[in-house]
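**Student:** Below is a structure I'd like to ask you about.
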Amino acid sequence: MKTFRRQNIRHVNLKIGLKKKLSARERPEPLLNQGPTIKEENITEEPVSDFRFHATTLLFKFRDFFFPRRKILEEAGIKPGFKILDYGCGSGSYIRDTSEMVGPSGKVYALDINPVAVEMVRHLASIKQLKNIETILSDYNTGLPDESLDIVLFYDTYHTLNKPELVMKELHRVLKHDGILSFSDHHMKEEEIMEGVTRKKLFKLKKKGKMTYSFKKDED
Numbered sequence: 000m001k002t003f004r005r006q007n008i009r010h011v012n013l014k015i016g017l018k019k020k021l022s023a024r025e026r027p028e029p030l031l032n033q034g035p036t037i038k039e040e041n042i043t044e045e046p047v048s049d050f051r052f053h054a055t056t057l058l059f060k061f062r063d064f065f066f067p068r069r070k071i072l073e074e075a076g077i078k079p080g081f082k083i084l085d086y087g088c089g090s091g092s093y094i095r096d097t098s099e100m101v102g103p104s105g106k107v108y109a110l111d112i113n114p115v116a117v118e119m120v121r122h123l124a125s126i127k128q129l130k131n132i133e134t135i136l137s138d139y140n141t142g143l144p145d146e147s148l149d150i151v152l153f154y155d156t157y158h159t160l161n162k163p164e165l166v167m168k169e170l171h172r173v174l175k176h177d178g179i180l181s182f183s184d185h186h187m188k189e190e191e192i193m194e195g196v197t198r199k200k201l202f203k204l205k206k207k208g209k210m211t212y213s214f215k216k217d218e219d
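Under numbering that gives the first Met the number 0, the first residue of the sequence shown carries the number 0, and numbering increases by one thereafter.
Now the structure itself:
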């Protein structure tokens, strides 16, 4: 059995009421620094089964091979030293490139509601020696300080939410006043994206790229 060297990657668990127990292989290691426990808000339309999650992960591996994620991240304007949140990180398609782009002085927070997804990111970070990764298991509450992030990556997640207003409010809270919400969701039309993101007047469009929309905080 191959043994992975443990990295100093802090895991924060913010979600309670998980619907199923994890197997011994999937279960995260005991944590010394757990985050606060919060009430589950059931923000997604339906839970994703393990079979569906792993099938989607396999498809993403093929997608990422032929269409590298780095080109999408370049539109977000990531710079060395930035603090980034990958909201709805899944199995970690964007994690390795984001980690490299922010460098050792930066930080990448990988958040997902699915414990299997979070564990996969932790393994990826360990295998690839990505020491600037911190995982967060949560429904929507990040547990991060106000105005602490330079960029939030919000890719192919919005369409799954049945309470998007909770998520948008939280992302607005943790972004710096000049921070960027980098958005993409191939399940949504442009008018749906604009309506959904700007509806509560928390964000407004800053720039439209070839693959993403860049929103900034609406502080007018």
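Using N, Cα and C, we set each Cβ at its ideal position, and we do this for glycine too.
Every value quoted in this text rests on a predicted model; they were computed, and no experiment measured them.
(1) Would residue 91 pass as a contact of residue 123 if the rule is Cβ separation under 8 Å?
(2) Would you call residue 206 buried or exposed, if buried means 16 or more other Cβ atoms sit within 10 Å of its Cβ?
(3) Would you check if the stretch 127 to 136 and the stretch 159 to 172 touch, i.e. whether three or more CB-CB distances between them fall below 8 Å?
(4) Mind checking whether the beta-carbon of residue 111 lies closer than 7 Å to any heavy atom of the ligand ATP?
(5) Short check: CB of residue 77 to CB of residue 150, under 8 Å?
(6) Cα-Cα, which of 185, 189, 186, 146 is closest to residue 169?
(7) State the Cα-Cα distance for the pair residue 190 and residue 214, rounded to the nearest angstrom.
(8) Can you tell me the Cα-Cα spacing of residue 86 and residue 192, whole angstroms?
(9) In or out: residue 96 buried (at least 16 other Cβ within 10 Å) or exposed?
(10) Taking 8 Å as the limit between beta carbons, can you name the residues of its chain near residue 173, skipping five residues before and five after?
(11) Given a cut-off of 8 Å on the beta-carbon distance, is the pair residue 153 and residue 180 in contact?
(12) Could you check how far apart the C-beta atoms of residue 178 and residue 127 are, in whole angstroms? I think they sit under 8 Å.
(13) If we ignore side chains and look at the alpha-carbon of each, how far apart do residue 131 and residue 88 end up?
(14) Which word fits residue 194, buried or exposed, when buried means at least 16 other C-beta atoms lie within 10 angstroms of its C-beta?
(15) Would you grab the beta carbon distance between residue 102 and residue 82 for me? Rounded to a whole angstrom, and I think it's under 8 Å.
(16) By how many angstroms is the C-alpha of residue 118 removed from the C-alpha of residue 26?
(17) Below 8 Å on the Cβ atoms is my guess for residue 129 versus residue 100; work out the distance and round it to an integer in Å.
(18) Taking 6 Å as the limit between beta carbons, can you name the residues of its chain near residue 112, skipping five residues before and five after?
**Tutor:** On the basis of the coordinates in this document:
(1) By 1-based counting over the sequence shown, the position of residue 91 is 92. By 1-based counting over the sequence shown, the position of residue 123 is 124. Cβ atoms of residue 91 and residue 123: closer than 8 Å.
(2) The sequence position of residue 206 within the sequence shown is 207, counting from 1. Under this definition residue 206 is an exposed residue.
(3) No, the stretch 159 to 172 is not in contact with the stretch 127 to 136.
(4) Looking for the ligand ATP in the displayed structure turns up nothing, as the structure carries no ligands at all.
(5) To locate residue 77, count along the sequence shown from 1; it is residue 78. To locate residue 150, count along the sequence shown from 1; it is residue 151. Yes, they are a contact pair.
(6) For the purposes of this step, residue 169 is identified with residue 170 of the sequence shown, where counting begins at 1. When each option's Cα is compared against that of residue 169, the closest is 146.
(7) Taking the first residue of the sequence shown as 1, we reach residue 190 at position 191. Taking the first residue of the sequence shown as 1, we reach residue 214 at position 215. Per the coordinates, the alpha-carbon of residue 190 lies some 14 Å from the alpha-carbon of residue 214.
(8) In the sequence shown, residue 86 corresponds to position 87, counting from 1. In the sequence shown, residue 192 corresponds to position 193, counting from 1. Rounded to the nearest angstrom, the two C-alpha atoms are 16 Å apart.
(9) As a working note, residue 96 is residue 97 in the sequence shown. Classification of residue 96: buried, given that the 10 Å Cβ count is 16 or more.
(10) The residue labelled residue 173 in the question sits at position 174 within the sequence shown. For residue 173, where only same-chain residues beyond five positions count, the Cβ hits under 8 Å are 84, 141, 143, 144, 145, 146, 147, 148, 151.
(11) Looking up residue 153 in the sequence shown gives position 154. Looking up residue 180 in the sequence shown gives position 181. Taking a C-beta distance under 8 Å as the contact criterion, residue 153 and residue 180 qualify as a contact pair.
(12) Taking the first residue of the sequence shown as position 1, residue 178 is located at position 179. Taking the first residue of the sequence shown as position 1, residue 127 is located at position 128. Actually they do not touch by this definition, with Cβ atoms about 26 Å apart.
(13) Position 132 of the sequence shown, counted from the first residue, corresponds to residue 131. Position 89 of the sequence shown, counted from the first residue, corresponds to residue 88. C-alpha separation (whole angstroms): 15 Å.
(14) For this step, residue 194 is matched to residue 195 along the sequence shown. Label assigned to residue 194: exposed.
(15) To locate residue 102, count along the sequence shown from 1; it is residue 103. To locate residue 82, count along the sequence shown from 1; it is residue 83. That belief does not hold up - the Cβ atoms of residue 102 and residue 82 are roughly 12 Å apart, past 8 Å.
(16) Within the sequence shown, the letter at position 27 stands for residue 26. Within the sequence shown, the letter at position 119 stands for residue 118. Reliability of the predicted coordinates at residue 26 is poor, the pLDDT of 42 falling under 50, and the value obtained from them is presented with this limitation in mind. Using only the alpha carbons, I get a separation of about 8 Å.
(17) Taking the first residue of the sequence shown as position 1, residue 129 is located at position 130. Taking the first residue of the sequence shown as position 1, residue 100 is located at position 101. At roughly 12 Å, the Cβ-Cβ gap does not stay under 8 Å, so residue 129 and residue 100 are not in contact.
(18) Taking the sequence shown and counting its residues from 1, the one referred to as residue 112 is at position 113. Excluding residues within five positions, the ones whose Cβ falls inside 6 Å are 138.
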